[in-house]
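Engineer: Positions -27 to -1, 1 to 721 (mature numbering (1 follows the signal peptide of the UniProt record, and there is no 0)) are the ones given, in order, by the sequence shown. Once you've had a glance at the structure underneath, I'll fire off some questions.
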Amino acid sequence: MTRRILVSTACATALLAGTVTVPSAFAGSSVRTAASASECQNAVPTYVHDRSGATAVLRKYLDWDPLTGNTNGSLHNTGVTAPLDTNSMFFTASTGLIYEITNTGVLKAHKDRSATGGSLLTPVRDHGTGWNVYSRVWSGGESRVFALNHNGELDVYMIARAPLDSGAFKKLRTLPASSAAATAFRDADDVWAVGTTVYSLKRGTTDGPGTVRSWKYIETDPGAKFSVPTTVYAGVGVDTLRGWSPGPGTFYTVGSDSEYTGVVSSYTGTGTVRPANPDVAAGFQGDVHAEAAPCLASPSPDIKPVVGPDPSGTEVPPPAVNDNTPDPAPQNPTEFTGTFVLGDGRPAAGLPVRVEALDITSDSDAEHELTTLGTTVTGADGTWKVTLPATLPEPVRLAAAENGGAINAMATVNGQTPTGQIMRGTDMVTAAPASAPATARALAATAAADNAEPTKLRPITADMFQEQPQPPAARTAQSWASKDELNSADTLGDRPLPEYQSDVAGLPQGDPYVINGVDTKAMEVKAFDGGCDKTKEQVIERKINYTTVGEGHAWFDAGATVEYENKMASNVEVAVKTGSRWTIEGSVTLGSSIGHSTGYAKRGPYFAKQWQVPIEYKKIRETWKCDYGKITMYRYKIVAGKYKIPRGGAVGKFGKDVRDLDGPTNYGRYPAKNRSWVEPGSFFQITKNRSTKWSGAVSAFGVKLGGSTQYDKDHKQRIDAGTKRSPRHDIWGKNDRVDGKPGVFYSW
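Spelled out as structure tokens, the structure:
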């Protein structure tokens, strides 16, 4: 059966019979009903000016089922973008026209031709200069454009021959700044329109909630006015900043509170407007305008939407089958291994390596000396290997027992350049005895795979010869990691973290290898004269942070389940501070028994979120003495520890929104071998291998750390397909076949 977009209830029968051809939902103009007498639309293009990245872009979404405020639909990210200058304003009109006002005041008309393979912002014509006198411009999708100038006056323009690409602008009216409408629009947090009905949003304050009001523009000859406003909604929160409408009877708002920045909420109704869906979409950053329709319709609930051409074509991949066969035992789980290199990537050869056990489950805040598990010397290629002792020291054995059998350790090398610059390399590594549980051995193998990249030697800076004051929470809240944590959507995925982070500001600039004007990256490093003693460490601060351990996806009528039961089975990266910069140096394995079950079950439709559990993080001060005790140096690191529920806190909670990874657009981008499907009414789940690695699994003490989880009978990702009339529910693995090592699977 060919899936098609159902554009109105009236044409449902014809569509199911496969006899109706409708416009692509990628089209610049909204999808309309087949009957020419009706202008009702069930899919409305929506555009977001996203300034959150290094380069600002215009993003195109498809509002599927706007009539109900997407209670059973989605604001689908089409993946179509175009560069749009950070300092530009934009607004939409009818038939795919998008207008840009540049920072120099030029008004440019663009046409959305993404439906036919063209640009989202195909140039049409310039409409002259002088438009930078306006602080806010909007249109309701018809031929009227409203422009509020910096003096508070409201100009009303007509777009001549609006349906045509070459429409010219003609100023019709100017309402004085003293008018009630102009005053309200000037004071509003956002203004938008549907046709000639204008809406103003005023956020709430500590004195009470804000409002959304509607104003009817009435044009007479020779004058014009706005009707007395009507309050359509009186519950706007203090952090609600923006709003827009896809058509009459529905509007959306975006909040920016400290926990859910960029979450879209919907409201529907005529007369009395009520909240419809508090979580339509996430990650909306920047100004939003929709190509507002004159009236809205709902699609058939039984047809799975296809955005653009059906990406599945005639391909019929095999159905997904739950594979419960055991994985082969990981190789060499009893060995700690790694590679040390110089700052320029060349091997750091001939340097002594000390491997010391990390007691991550200890509750003691007293300073203690780490237990040495072995020593060796880096080879000519910088590699090294230390095998676990046959008999573990008692403190290490106890720590391993509490950690599910896995043993976390720190490998260090110390050296000096010919100029006397001290260099130090650190790598957090994991191993497990042959007698350890299979989960511990699998986690050790995962840690080794994550640790495949060489570890750099980094210069010791002057401030490391004394203890450093630790920044208060108010300062760490200003870090890049802390601010990214506020975003409701996952902005990082599995992309590598920046090599260096600051715990009090944005990403650090400059080359940390340049010391006193001398670049130490390529300098030869020899063993440090006199060596260094065992490491002493002390916990100086503890904090519980919710950490991503799972992710589920369910598009259309499916339900997503994430289970994180009985015991921990995660790897979390460790951050080490050299001078003022933090960098990731390996990871620790968390395998301790937690005696709880957390997660979520059968959430959907159009649902995809990460799941987070509370883990205690420790900031640790290291002290070591070198050169026969003549030199004392200090360093700090952030290490994950126990699952620990904060007093009065949640046992687990929803994390970042990842719905933008689902749907037909993304399905078509992945190899055919990764694809499969689930019969309506059946389920599929992953119970082996490991999850994808989340680069932004947690922000601890102002620093971002990555992490992953081992799938097993207690840690699963599952999807339950619904029973609607769509012929099948498509899924695909991120990294591999869904029955291979997918990491995570997505849904359409």
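C-beta atoms are modelled at their ideal positions from N, C-alpha and C, and glycine is treated no differently. Everything numeric in this text was worked out from a predicted model, so none of it was measured.
(1) Measure the C-alpha to C-alpha separation of V328 and K494 and round it to an integer number of angstroms.
(2) Quick one: measure Cβ to Cβ for S565 and V547, integer angstroms, because I've assumed they're closer than 8 Å.
(3) Just to confirm my understanding: we take T234, look at its own chain, exclude 5 residues before and 5 after, and list those with CB closer than 6 Å. What are they?
(4) Can the beta-carbon of residue 722 be found closer than 9 Å to that of N381?
(5) Sort out for me which residues DSSP pairs H262 with in a bridge.
(6) Using the rule of at least 16 other Cβ atoms within 10 Å of the residue's Cβ for burial, across every protein chain shown, is V644 buried or exposed?
(7) Check whether the region 236 to 256 touches the region 613 to 625, taking contact to mean three or more Cβ pairs, one atom from each stretch, closer than 8 Å.
(8) If you run the structure through DSSP and keep just helix, strand and coil, what is S455?
(9) When you compare only the Cα positions, how much space is there between N376 and V350?
(10) Compute the Euclidean distance between the alpha carbons of G483 and Q474, then round it to the nearest angstrom.
(11) Roughly how many angstroms separate the alpha carbons of A120 and P56, rounded to a whole number?
(12) Roughly how many whole angstroms lie between the Cα atoms of S(-4) and N15?
(13) Could you tell me which whole beta strand (DSSP E) segments of length 3 or greater appear in the region 90 to 176?
(14) Given T682, which residues of its chain have a CB within under 7 Å of its CB, disregarding the five upstream and five downstream residues?
(15) For A207, tell me which candidate among G228, K175 and I191 has the shortest Cα-Cα distance.
(16) Where does M62 fall in DSSP's three states?
(17) How long is the line joining the alpha carbons of S(-20) and C13, rounded to whole angstroms?
(18) With 16 other CB atoms within 10 Å as the buried threshold, where does T77 fall?
(19) Short of 6 Å in beta carbon distance, which residues of its chain neighbour T75, apart from the five on each side in sequence? Order them along the chain.
(20) Can you name the residues that DSSP bridges to residue 723?
(21) Looking at A384: is its Cβ nearer than 9 Å to the Cβ of G311?
(22) Confirm, please, whether the CB-CB distance from R608 to R594 is below 9 Å.
(23) State the beta-bridge partners of T193 as determined by DSSP.
(24) Looking at L80: is its Cβ nearer than 9 Å to the Cβ of V97?
(25) With distances taken from CA atoms, which of G695, A673, T696 and G716 is nearest W705?
(26) Does DSSP put V369 in a helix, in a strand, or in coil?
(27) Rounded to the nearest angstrom, what separates W528 and S337 at their Cα positions?
(28) Does the Cβ of T638 have 16 or more other Cβ atoms within 10 Å, making it buried, or fewer, making it exposed?
(29) Using a Cβ-Cβ cut-off of 6 Å (strictly less than) and excluding sequence neighbours within five positions of S112, which residues of its own chain qualify?
(30) Under the rule that 16 or more other beta-carbon atoms within 10 Å means buried, what is L480, buried or exposed?
(31) Going by C-alpha distance, which of T419, A379, A418 and R431 is nearest T399?
(32) Taking all protein chains shown into account, do 16 or more other C-beta atoms lie within 10 angstroms of the C-beta of A422, making it buried, or fewer, making it exposed?
(33) If you draw a straight line from the alpha carbon of S92 to that of D332, how long is it in whole angstroms?
(34) Between the Cα of H569 and the Cα atoms of G625, W555 and G675, which residue gives the shortest distance?
(35) Find the nearest neighbour of D633 within the set N43, D38 and S47, judged by alpha-carbon distance.
(36) Give me, in chain order, the residues of the same chain whose beta-carbon lies closer than 6 Å to that of S9; leave out the 5 immediate sequence neighbours on both sides.
Structural biologist: According to the structure shown:
(1) The alpha-carbon separation between V328 and K494 amounts to approximately 24 Å.
(2) Not a contact, Cβ separation roughly 17 Å.
(3) L459, N460 and S461
(4) With the chain covering only -27 through 721, there is no way to say anything about residue 722.
(5) Y20
(6) The question names Val, yet the displayed sequence has Pro at residue 644. Classification for P644: exposed.
(7) no
(8) Of the three classes helix, strand and coil, the one that applies to S455 here is helix, per DSSP.
(9) 29 Å
(10) 12 Å
(11) 24 Å
(12) Low per-residue confidence applies at S(-4): pLDDT is 37, beneath 50, and the placement is therefore not dependable, though the value from the model is reported in the following sentence. Approximately 12 Å, taken between the alpha carbons.
(13) 95 to 99, 107 to 112, 117 to 122, 127 to 132, 142 to 148, 163 to 167 and 170 to 175
(14) V522, G523, A542, S543, R663, S664 and H688
(15) K175
(16) strand
(17) Residue placement at S(-20) is poorly supported in this model, since its pLDDT is 34, which falls under 50; the coordinates are not used for a value here.
(18) exposed
(19) S61
(20) The structure shown has nothing for residue 723, since the chain only spans -27 to 721.
(21) yes
(22) yes
(23) Answer is none; T193 lacks a bridge partner.
(24) Pairing L80 with V97 gives a Cβ-Cβ distance that is not under 9 Å.
(25) G716
(26) In the structure shown, the three-state DSSP call for V369 is helix.
(27) 47 Å
(28) Label assigned to T638: buried.
(29) F64, A66 and V118
(30) exposed
(31) R431
(32) Burial check for A422: the Cβ neighbour count within 10 Å stays below 16, so the residue is exposed.
(33) The straight-line gap from Cα to Cα measures roughly 56 Å.
(34) G625
(35) Residue S47 is the option with its Cα nearest to D633.
(36) Summary for S9: the model assigns pLDDT 36, below 50, so the residue's position carries little reliability; its value from the coordinates is reported in the next sentence. Counting only Cβ-Cβ distances below 6 Å, and skipping sequence neighbours, we find nothing.
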